Amino acid sequence: KSGTWAKTTLYSFDGKDGSFAYAGVVFDATGNLWGTTSGYGSDLGSVYELVRGSNRQWTIKVLQTFHDIEVNGGVVFDAGGNVYSTAVHGGNIGACTQGCGEAFEVRP
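Under our numbering, the first residue of the sequence shown carries the number 5, and numbering increases by one thereafter.
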């Protein structure tokens, strides 16, 4: 599209519901946005869903928090609605003092 573009904040994290949302978001089939944060309160990340209300306001649902991995990837879905992402820390310690990272699944 041509013309002037304007930024609209959909949701502002406050640290208690997530922080450091590096990885971007994806839409699900119903129009809700999904993403990850690398921080969540005193934990190391979360998987969240932003649900769009009828008044165009977005409400957060934190679906999973992590205290043992630092989430850094975006999300993808499989046909069953399970969510997949990656973490920069966690998994096998090996040569990495905080773990060398992992891919993970979150499901209802």
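Glycine is no exception: its CB is placed at the ideal position from the N, C-alpha and C atoms. All of these numbers come straight from a predicted model, not from anything done at the bench.
- Query: Where do the N-terminal and C-terminal ends of the beta strand (DSSP E) with F108 fall, by residue?
  - Reply: Counting along the chain, F108 sits inside the beta strand (DSSP E) bounded by residues 106 to 110.
- Query: Which term fits S46, buried or exposed, when burial requires 16 or more other beta carbons within 10 angstroms of its beta carbon?
  - Reply: With fewer than 16 neighbouring CB atoms inside 10 Å of its own CB, S46 falls in the exposed class.
- Meets three-Cβ-pair contact criterion under 8 Å: the segment 21 to 41 and the segment 73 to 88: At 8 Å Cβ cutoff, the stretches touch.
- Query: Which of helix, strand or coil does DSSP assign to R81?
  - Reply: Contrary to the premise, residue 81 reads as Phe rather than Arg in this sequence. In the structure shown, F81 adopts extended strand secondary structure according to DSSP, grouped into three states.
- Task: May I have the straight-line CA-CA distance separating T40 from S58, to the nearest angstrom?
- Result: Cα-Cα distance, rounded: 24 Å.
- Query: When the Cα atoms are used, what is the spatial distance from Y15 to A99?
  - Reply: Y15 and A99 have their C-alpha atoms roughly 38 Å apart.
- Message: Please give the ranges of any alpha helix (DSSP H) in the segment 10 to 67, keeping only runs that are unbroken, at least 4 residues long and fully inside the region.
- Response: Qualifying alpha helix (DSSP H) stretches: none in this window.
- Task: Round the Cβ separation of L54 and I64 to the nearest angstrom and send it over; I've been treating them as touching at under 8 Å.
- Result: The beta carbons of L54 and I64 sit about 6 Å from each other, so the pair counts as a contact at 8 Å.
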